[in-house]
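First the structure, in the form of structure tokens, and then the observations on it.
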Amino acid sequence: MNEKEKLIDKKGVRLDGRKADELRPVKLQVGVLSNADGSAYIEHGKNKILAAAFGPREMHPKHLAQPDRMVLRCRYHMAPFSVQERKSPAPSRREVELSKVIKESLEPALFLELYPRTGVDVFVEVLQADGGTRCASITAAALAIADAGVPMKDLVVACAAGKVDDTVVVDLFDAEDKLGTADVPVAYMPNLNAVTLLQMDGILTPDEFERAVNMAMDGCKKIYALQKEALKTKYMVVKEVEE
Amino acid sequence: MNEKEKLIDKKGVRLDGRKADELRPVKLQVGVLSNADGSAYIEHGKNKILAAAFGPREMHPKHLAQPDRMVLRCRYHMAPFSVQERKSPAPSRREVELSKVIKESLEPALFLELYPRTGVDVFVEVLQADGGTRCASITAAALAIADAGVPMKDLVVACAAGKVDDTVVVDLFDAEDKLGTADVPVAYMPNLNAVTLLQMDGILTPDEFERAVNMAMDGCKKIYALQKEALKTKYMVVKEVEE
Amino acid sequence: MNEKEKLIDKKGVRLDGRKADELRPVKLQVGVLSNADGSAYIEHGKNKILAAAFGPREMHPKHLAQPDRMVLRCRYHMAPFSVQERKSPAPSRREVELSKVIKESLEPALFLELYPRTGVDVFVEVLQADGGTRCASITAAALAIADAGVPMKDLVVACAAGKVDDTVVVDLFDAEDKLGTADVPVAYMPNLNAVTLLQMDGILTPDEFERAVNMAMDGCKKIYALQKEALKTKYMVVKEVEE
Amino acid sequence: MSSLVTKVRLKQIEQLIEKGKRLDERGLTDYRPIKIEQGLIERAEGSARVLLGKTEVLVGVKVETGEPFPDTPNEGVMTVNAELVPLASPSFEPGPPDENSIELARVVDRGIRESHAIDTEKLCIEPGKKVFVVFVDVYVLNHDGNLIDASAIASIAALMNTKMPNYEIKDGEIKIKQGYTPLPMKSHPITVTMAKINNRLLVDPWFEEEQVMDSRISIATNEDGNICAIQKGGSSYFTPQQILEATKIALDKAADLRKKLNW
Amino acid sequence: MSSLVTKVRLKQIEQLIEKGKRLDERGLTDYRPIKIEQGLIERAEGSARVLLGKTEVLVGVKVETGEPFPDTPNEGVMTVNAELVPLASPSFEPGPPDENSIELARVVDRGIRESHAIDTEKLCIEPGKKVFVVFVDVYVLNHDGNLIDASAIASIAALMNTKMPNYEIKDGEIKIKQGYTPLPMKSHPITVTMAKINNRLLVDPWFEEEQVMDSRISIATNEDGNICAIQKGGSSYFTPQQILEATKIALDKAADLRKKLNW
Amino acid sequence: MSSLVTKVRLKQIEQLIEKGKRLDERGLTDYRPIKIEQGLIERAEGSARVLLGKTEVLVGVKVETGEPFPDTPNEGVMTVNAELVPLASPSFEPGPPDENSIELARVVDRGIRESHAIDTEKLCIEPGKKVFVVFVDVYVLNHDGNLIDASAIASIAALMNTKMPNYEIKDGEIKIKQGYTPLPMKSHPITVTMAKINNRLLVDPWFEEEQVMDSRISIATNEDGNICAIQKGGSSYFTPQQILEATKIALDKAADLRKKLNW
């Protein structure tokens, strides 16, 4: 943590003007890509992310199909221009890991056993990154899967909490992510009270950790309401986009 | 364009002594490789290029075979020692693009529908490059396909034209290619009056462009005569090579 | 060869205290890995190498299976920390070549025709390298194959000889390998009097070469005795390891 | 598309073409509606999103410092990369660039480079040592045909939107100053792609037309009415007459677009 | 493991868990026997081999000099790489790192990095120019489950065993002197992994338990009783209550291990 | 070749060998006709094409400047690369080098390197900083067996044909002067490859003999009658006696070739 730069002022206001428990603005759109079976676009703070779902469909290559369940594959990928310094389009180790944990955060929402031998592919493209891309990606990916008509036990929604200066705060943006003390991304299925992604970087006391998880879940619940709204207004939104 | 260096002198003579509409010397040999089903060698100026054709044969891997037509695959590749600075043998983006446009320049000559489920592979190796390798490669590749006994609607022959200093000239060599204003490679089937490759780099007025295309097609026709000659004299040539 | 540094003193003693015909200490253990069908560990001087064998089993991918014989595959690989300067874990050209010659040194010991359509995979991991890793790898790999219960015509055992200063010596260690004049790795099946690997680097007169090969084969015979011992005491050794 | 569907579709499309019509009711030389949005990606030095019918392309431009090429020590560097990201089409697969994305990048690159769209000499910081490097990343988000024109337009629009950091050189070291300068541009080429189907030329082919087309020609022209880059594609040919016809159409359509886009 | 075997195994494992028992007779929160051997690889600057039951991991540490990252000019560099070498399991294949080995490396990396285990500021030789680079290479030699904990313990043990060359700077050039200094360490994190099976948490899952587990959680804690890294894995979920339970178990087991290992 | 054909062929070849004969009417220790052509590739600093029967190999040599290896600061660098380009045989596929092309390159490399064929100390421009780098690129154009000998001969012939630019050092900068110097060479090794079939040694196996051979041995010797590199290949073995016999044959045949080639 950079000592000189204060991330939260004396009044508890963060660098971008938010309070500790305040989310960044979140905008969601469903059904934004005509070629995907399902798709969604999220703006979460300055994160701009597209997600698309294809399937359930025949696995390609075939030998990856499973006789007793559907296979979910997921690719998280950042556009070269999405970050400060141009990123090579070849997948980095970070992108490979995030693809895996995002997949594992979505699987609990699916009835994998009901669609043996098929596959669902989820592709996430981060067009602009501003801290918390994995959470925003999960939020959008769940909508894309729902938009594809794949039955789900619940939507998955994600939000991080963390520690900045000495305060536990929700939904870290880029500068807080880099200069803060800890980051705890959480994916959650509110109706099932189930945490499907949990990671942590940094140092927290057990007590701080508990508060962070709760704060992240509260954030999830707020975004969950927006997700459901976005699914309802899909057709209206689509019209706007294409007008 | 380099201002100081004149590429054409006052008498209209180019750096290598040619006139505007004069081709470089072209030598063609057919049937030069014993393991290929068909092969050809071209010296076009200082370009030295080998082409080989394999097929029609079973596609490998099999899943690339098409139920309704033959598949033509093509690889254009430069030897590491073929250019001034050693070239890595791994295919460059340029080589990938040229492989594609060369393939698409040869396909119009083939009866693809007559050989469903089969494949023809054309391999082109540039042993020495001197400007205009894609054209010389097409000229040789067409001979290799013919030598393999694959029925063709016509031979494909290629030649470039372009603009050097302020003159439209035919068949640019290396220095003209690099310092000239424009380059227009053209592949052509003379009997069918069909242009099967057309690219352009540089700046030309519509009028200059028309003249360049015509000049390139005239060049094609001259080389076409040599192609037919080479096919006829194949066995004589082979004897010379193996003596 | 470095002129200033003498590798053998006036009494014929080498840098590590050995005489010309003396081997480094060799320790062998069989059955050291529970997941492999067979395995062995060798310490040959400061070389520390693990070998594992899997099979005979179905080939994967299937199209590599041969209708008339078993396929032996072999991978020789060095741990990044096994050498002075960290080695990238991606296989180097040297590792690819050694994998091939090690495979070809083991094949003569197998009844390949008796197990058509199957495969045996041998994996060698060099944990620490001290000169002569290919020989020590072969010695361990043969034990791993035997431990897997794959019938063998004979064990294969390997040892190098070479020329250091002006003397033909057996079993070069790292410094001798780098500063010596010649290195002759030999793999051998003592019962069949069959040389299954032979390479040479450096300069030797035909006479020196003959002496080197004989010296290497003598070394092989000594290690062969240790190999047989290790196979016999396998279960005792395994107990020690796991205590 | 399976070959049966292709054949039925081809017949439909051909019958319409005979009447100068198309499945989506455009005339043979009409573009689909074009929508351009610039500056969408604040993090990039420049960006533009183009909707060409349902085809959607996002281009981001990053400007960094680097070394010039040895043969052009006084000029900045421009590179174009294209990603056919798999969310854009079921036919795109994740992985390293294939021949289609490489061809797309190189055709867009030549349109920019050969028309001298960027004034690369103004990108030189210290001759032979340090120059600005302009990365043009073409990101195809939805593939409904004619990726070349959409990508070319989006790239030029993104470059027009690109800002470079101000700097000064002090004691041999480059120092970034406040403020930005627009990327210096000399030309705004426009690439027009036509499909040949049943021996007729169709401007701006959409996805289904591309499935049945015989061949394709893309022609970039500049504001002077000159031709600066051409790429023929596809498994068939053009007659010399068709090529001249195509250049005329390309010049016409580019002029139209120039007016519409105010370029 | 085929799904039929999995189902039979799962039933056995579940029935035992109901009684608080496991197939290998451990209690639910018991680790398998741990054996640590340091300094096995003399050629490396540091090394350690860990046996966790039949799981065997060898970690080698190389220390070289290199450049710092631009945003941390005063700090040395640490990188973790993990190789699931094919002799460790029939399910490991030769080839570039897959998602499993990358995840393993990154989880081990975060445990070390986020706990500030290495005092990276002491690895700086010349700010912004030259620092020590610490390569931690995790080599899995036998896979019998819970690679994360075995690799994390082996990595810390190897770092504790690591020596750096002494040096002095003369006339702007770095000169290696005789002797070695131990790698400066500030913390010794311990990672505890639990599997969720049938809604119960099992510490240190072995291979068969991993085959049937619903999900997995790995929690790294430091000597101050703080949490410094977490990774959830697997296709199922945890309830918030289970997560808090898991953190308590992780702190308990880490304290046990700390005592046992004298860390 | 399918295994049935192989077996029939093997029987024919074996029966002939018993009589000391071969399918192509050579004696057991006869080479096929060799034809060498130097300087074919004017653009390369050196080149040679070798026809060995129908086997055809082209070697191009490029000479560039680069850095020496840290452990040999006073010596130039030589690297050998081999490409089994797909036009040479239906069994060669496009793609990165496989084990066969890597082995070929490394065997050719060792023949040159271990015999000290190139006087690498004379390639040093500025010790520890700048040296000439010699790239030897082996290009197999037609594969009819015994690629090793054809490639080794072509490589030496190409090196003998190689010219290096003259240069002077002025104010610490290297300046290329007019004219060329031949690449300094100290030795001209010749590699002789023998196949073992039916327990007999056959020199210079052609394609069909390679399909049925048990194993292969390649021995490089220099003009002093010393051995400088050996490579055994193939799935069978040699007896110690056969190895000594092979070295004698290799020395004999190399002497013959030396006379014929005037090396």
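Chains S, F, A, E, D and Y are the protein sequences, given in the same order. Everything in the first sequence is counted per our numbering, starting at 1389 for the first residue and increasing by one. Everything in the second sequence is counted per our numbering, starting at 1389 for the first residue and increasing by one. Everything in the third sequence is counted per our numbering, starting at 1389 for the first residue and increasing by one. Everything in the fourth sequence is counted per our numbering, starting at 7 for the first residue and increasing by one. Everything in the fifth sequence is counted per our numbering, starting at 7 for the first residue and increasing by one. Everything in the sixth sequence is counted per our numbering, starting at 7 for the first residue and increasing by one. Don't be surprised by glycine CBs; every beta carbon is placed ideally from N, CA and C. A quick note: this is a predicted structure, and the numbers were derived from the prediction, not measured.
Query	Result
With a CB to CB cut of under 6 angstroms and the five nearest residues on each side skipped, what residues in its chain are close to residue 1453 of chain F?	1447, 1505
Using beta-carbon positions only, say whether residue 115 of chain D and residue 139 of chain D come within less than 8 angstroms of one another.	no
Could you work out which residue in Y:266, Y:184, Y:129, Y:203 is closest to residue 73 of chain Y when comparing CA atoms only?	Y:129
Could you tell me the distance, in whole angstroms, from the CA atom of residue 201 of chain Y to the CA atom of residue 1418 of chain A?	35 angstroms
Using a Cβ cut-off of 8 angstroms (strictly closer), state whether residue 62 of chain D contacts chain S.	no
Which residues, taken in chain order from the region 190-205 of chain Y, show a beta carbon closer than 7 angstroms to some beta carbon of chain A?	none
Please confirm whether residue 1468 of chain A has its beta-carbon closer than 8 angstroms to some beta-carbon of chain D.	yes
So with CB distances below 7 angstroms, who are the chain D contacts of residue 1422 of chain A?	60, 148, 150
Going along the chain, which residues of its own chain have a beta-carbon closer than 7 angstroms to the beta-carbon of residue 257 of chain D, five neighbours each way excluded?	227, 231
Go through its chain and collect everything with a Cβ distance to residue 20 of chain D's Cβ below 6 angstroms, but skip five positions before and after it.	204
Using a Cβ-Cβ cut-off of 8 angstroms, state whether residue 1417 of chain A counts as contacting chain Y.	no
Out of curiosity, what's the CA-to-CA distance linking residue 1403 of chain A and residue 1564 of chain A?	8 angstroms
Can you check whether the CB of residue 1586 of chain F is closer than 8 angstroms to the CB of residue 249 of chain E?	yes
When Cβ atoms are compared, which residues of the region 104-135 of chain E fall closer than 9 angstroms to chain F?	104, 105, 106, 108, 109, 111, 112, 113, 116, 119, 120, 121, 122
Beta carbons nearer than 9 angstroms to chain Y: which residues of the region 1587-1598 of chain A have them?	1587, 1588, 1589, 1590, 1591, 1592, 1593, 1594, 1596, 1597, 1598
Please report the straight-line C-alpha distance between residue 171 of chain E and residue 83 of chain E, rounded to a whole angstrom.	16 angstroms
Should residue 93 of chain Y and residue 1513 of chain F be called a contact, given that it needs their Cβ atoms to be closer than 8 angstroms?	yes
What are the uninterrupted segments assigned as alpha helix (DSSP H) that are 4 or more residues long and contained completely in the region 1475-1531 of chain A, given in chain order?	1481-1494
With distances taken from CA atoms, which of F:1595, F:1507, F:1416 is nearest residue 1450 of chain F?	F:1507
Along the chain, where does the beta strand (DSSP E) containing residue 87 of chain Y start, and where does it finish?	83-89
Buried or exposed: residue 196 of chain Y, going by 16 or more other Cβ atoms within 10 Å of its Cβ?	buried
In chain Y, what lies closer than 7 angstroms to residue 1482 of chain F by C-beta?	Under the 7 angstroms cutoff, chain Y gives no residues; its nearest Cβ is about 16 angstroms from residue 1482 of chain F.
How about the region 87-106 of chain D and the region 1418-1437 of chain A: do they share at least three Cβ pairs that are nearer than 8 angstroms?	yes
Taking 7 angstroms as the limit between beta carbons, can you name the residues of its chain near residue 194 of chain E, skipping five residues before and five after?	123, 162, 229, 269
I'd like to know whether the C-beta atoms of residue 180 of chain D and residue 236 of chain D end up nearer to each other than 8 angstroms.	no
Along the chain, where does the alpha helix (DSSP H) containing residue 243 of chain D start, and where does it finish?	From DSSP, residue 243 of chain D is part of no alpha helix (DSSP H); its letter is neither H nor E.
8 angstroms is my cut-off, CB to CB: does residue 7 of chain E come that close to chain S?	Unreliable positioning characterises residue 7 of chain E in this predicted model, as indicated by a pLDDT of 43, which lies under 50. The coordinate reading is nonetheless provided below. It does not; no Cβ of chain S falls within 8 angstroms.
Can you pull out the residues from the region 172-188 of chain Y whose beta carbon lies closer than 9 angstroms to at least one beta carbon of chain A?	none
Does the region 1594-1601 of chain S touch the region 1398-1414 of chain S, meaning 3 or more C-beta pairs lie closer than 8 angstroms?	no
May I ask which residues mark the beginning and end of the beta strand (DSSP E) holding residue 1571 of chain S?	1570-1577
List, in order along the chain, the chain E residues whose C-beta lies closer than 7 angstroms to that of residue 1474 of chain S?	68, 70, 141
Who are the neighbours of residue 1 of chain D on chain S, taking C-beta pairs under 9 angstroms?	Here chain D comprises residues numbered 7 to 269, so residue 1 of chain D is not present and cannot be evaluated.
Quick check on residue 1478 of chain S: buried or exposed, where buried means 16 or more other Cβ atoms within 10 Å of its Cβ?	exposed
Counting only beta-carbon separations shorter than 8 angstroms, does residue 37 of chain E have a partner in chain S?	no
Looking only at DSSP bridge pairs, what is residue 63 of chain D linked to?	D:56, D:146
When you compare each of F:1460, F:1580, F:1473 to residue 1489 of chain F by their alpha carbons, which one comes out closest?	F:1460
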